[in-house]
Structures are given as structure tokens and as C-alpha cells.
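Numbering (the working numbering), first residue to last: 487 to 578. Beta carbons: idealized from backbone N, C-alpha and C, even for Gly. Bear in mind the structure is a predicted one, so any value in this text is a computation, not a measurement.
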């Protein structure tokens, strides 16, 4: 006869009360999966390990779940160019 023990559920309130700083950061910003280059990355949607990697994100080859690259997510977003007054936009 096999005994099955119930796994305790993840309780963020318990972790916060225990003083875990990692749990505090996760509770404040929410869960954010990132693709780390050079590591084995499991898809949060299906658990797959095969990815199509682009410049800004990686897409799971199995279920098409897209997650941002860790290198890109660590940098602040900046505009690529500034638009000044265009002569063609103001043609009368």
C-alpha cells in the first residue's frame, strides 16, 4: 500500500510573515519568467525545453508561449529615435 502525503500549498502570506525577502519581492512584482541564455529554460506553459530565440523574446517551440530575454528585461526601455518636426507631415 502506497501512502500519499499532501504537499503543503505555497502560501505567500506565510513566507512574508517569516521575513523572506525573496518572497516579498515576488509578491510585490508578481511572477515573471525570463529566458536565460546558456541555461536550460523550461516553458511556464507546457514545460518544454525547445525555444525560438529572437532579439527581445524567446518563444516556446511546442506551445508558442513567449517570454522576455533576461538580458533585455534588465535594461531600462529607451526610445530608439526621436522624431522632430517632419517637413512632409506639415505640407499644406
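Tell me which residues share the same chain as residue i and place their Cβ nearer than 8 Å to its Cβ, disregarding the 5 neighbours each side in the sequence.
i, result
"residue 557", "523"
"residue 535", "526, 527, 528 and 529"
"residue 521", "527, 537, 539, 543, 544, 553, 554, 555 and 556"
By how many angstroms is the C-alpha of residue j removed from the C-alpha of residue i?
i, j, result
"residue 553", "residue 514", "20 Å"
"residue 562", "residue 518", "16 Å"
Of all the options the options, which has the alpha carbon lying nearest to the alpha carbon of residue i?
i, options, result
"residue 559", "550, 549, 570 and 541", "541"
"residue 551", "564, 562 and 533", "533"
"residue 531", "570, 545 and 525", "545"
"residue 548", "571, 570 and 528", "528"
Where does the unbroken alpha helix (DSSP H) through residue i begin, and where does it stop?
i, result
"residue 558", "556 to 559"
Using 9 Å as the limit for Cβ to Cβ distance, is residue i near chain B?
i, result
"residue 538", "Absent here is chain B; the protein component of the structure consists of one chain."
Give me, in chain order, the residues of the same chain whose beta-carbon lies closer than 7 Å to that of residue i; leave out the 5 immediate sequence neighbours on both sides.
i, result
"residue 567", "none"
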